[in-house]
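Notes to accompany the following structure.
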Amino acid sequence: MVEGVKVIDGQYVSVNEKIMFINNKIKGASGIVSKEKRKNLNNIMKLFNEKIILLNKKRDVNLLKLSEAILNKKNELRNVEDLLSVNKLILSYSKDKYDSFISYKKKGVISEMMLYKSRESVLLNDEKLKNTLVNLTRVKSDLINLEKEVNILSFSTDEMINNVKQSMIEISQQLIEVDISESLEIVSPISGNVVGINKIRGNKVRQGDIVASVIPKGAVPVIRLQIGAESVGEIKIGQKVKLRVAAYPWKRYGKFIATIISVSEAVVHQENGKYFVVTVSPENRIGLPLKQGMQVEASILSEKKELYKWLFRMTN
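So, in structure tokens, the structure goes:
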């Protein structure tokens, strides 16, 4: 329904100037339907915002835990690396000692028992070194997995937040549609003169209705006439045409003169006959502004001839 009209016929309007307001509120048993819908959509939007806050908070908590775990794992890695260095030195020392015991054994200085214990020490230290290497590999693997977990957590949280934001965009679009469905603001697409207001306050508006017409400033209005094929021979460019608007009250629109500016070259076939399209340009006139789509009645003013010439032509 038209809620308000901001312009009048003939008024000059600028591009995007407001022409008309249309109210499309629908009332149900519980009141305005769109009001309830907007409330529900806003509640959904609120829940989405809370979900984003919760996801960010959960990510921050988990990232803090992972950061602490990574820090502890790095400290453990340094300790294992230090232990590895010590075990390498111990193994090297035990091997050197064992080698010296072998040479002393040949001289009878070292007993079999001492040589045996030295060899056992080498084997034990070698086993410790191998275990330390295994432990080092495990710690490095744990550290890599923790760092991967950080990336996965960040990526998955971002993905969930983006999904929520996409849903929020859809809700925002629905809110816009609710606003549009409630109230439409009709603005002029161009700068020019209003040549027809087809709806007034309180009128109902259906989809596809033309509510107003605007023509560019300085545009020359034209009228297209349908002239029967049998009469087109009398038509010439520059001829005058007397027009009357076929609308009530026609006297307020007045009669006016127009000039023929073109005649179609091809005939148009219709069920009720054949006709040519004649385009005319109206001269300056007074009265109500002409509206797009109006029908007119035309009387073509033929050239003046002496009576005997007309009779001669009829006998031919």
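Residue numbers for the sequence shown, in numbering that gives the first Met the number 0: 0 to 315.
Backbone N, C-alpha and C define an ideal beta-carbon position, used for all residues, glycine too.
Asked                                                                                                                                                                         : Found
Candidates 274, 167, 151, 22: which alpha carbon is nearest residue 42's?                                                                                                     : 167
Please report how far the alpha carbon of residue 202 lies from the alpha carbon of residue 269, in whole angstroms.                                                          : 35 Å
According to DSSP, simplified to helix, strand and coil, what is residue 298?                                                                                                 : strand
Excluding the five sequence neighbours on either side, which residues of its own chain have a C-beta within less than 7 Å of the C-beta of residue 28, listed in chain order? : Because the pLDDT at residue 28 is just 42, under 50, the model does not fix this residue reliably, and the value given afterwards should be weighed accordingly. Here the set comprises nothing.
Between which two residues does the beta strand (DSSP E) holding residue 19 run?                                                                                              : 17-22
Look up residue 240 in the DSSP assignment and say whether it is helix, strand or coil.                                                                                       : strand
Whole angstroms is fine: what's the gap from residue 11's alpha carbon to residue 192's?                                                                                      : 4 Å
Which first and last residues belong to the beta strand (DSSP E) in which residue 188 is found?                                                                               : Unbroken run through residue 188: none, as it is neither H nor E.
What did DSSP end up calling residue 173 once you bin it into helix, strand or coil?                                                                                          : helix
Can you give the beta carbon distance from residue 277 to residue 256, rounded, assuming they're within the 8 Å contact cut?                                                  : That pair is no contact at about 15 Å.
Does the distance from the CB of residue 216 to the CB of residue 190 come in under 9 Å?                                                                                      : yes
In this structure, how does DSSP classify residue 269 when only helix, strand and coil are distinguished?                                                                     : strand
Just verifying my parser: in three-state terms, what is the DSSP assignment at residue 110?                                                                                   : coil
Using a Cβ-Cβ cut-off of 7 Å (strictly less than) and excluding sequence neighbours within five positions of residue 30, which residues of its own chain qualify?             : Low confidence applies to residue 30: its pLDDT is 43, below 50, so where it sits in the model is not reliable enough to give any reading.
Looking at the strands, I want to know which residues DSSP matches up with residue 184.                                                                                       : 20
Could you round the C-beta distance between residue 183 and residue 18 to whole angstroms and report it? I think they count as a contact, below 8 Å.                          : Not confirmed; about 11 Å, so no contact.
Taking C-alpha atoms, which residue in 101, 117, 81 lies nearest to residue 132?                                                                                              : 81
Cα-Cα, which of 37, 137, 16, 199 is closest to residue 73?                                                                                                                    : 137
Do residue 204 and residue 4 have their beta-carbon atoms positioned less than 9 Å apart in this structure?                                                                   : no
Just confirm the distance between the C-beta atoms of residue 245 and residue 282, as a whole number of angstroms; I'd bet it's less than 8 Å.                                : With 8 Å as the limit, residue 245 and residue 282 do not qualify as a contact, their Cβ atoms being about 19 Å apart.
Quick check: the region 151-165 against the region 115-135, are there 3 or more CB pairs under 8 Å?                                                                           : no
Return the chain-ordered list of same chain residues with a C-beta closer than 8 Å to the C-beta of residue 307, the five sequence neighbours on each side being excluded.    : For residue 307, the predicted model reports a pLDDT of 45, less than 50, meaning its position is unreliable; a value from the coordinates is still stated below. Nothing meets the Cβ criterion.
From 44, 15, 7, pick the residue whose C-alpha is nearest to that of residue 174; which is it?                                                                                : 44
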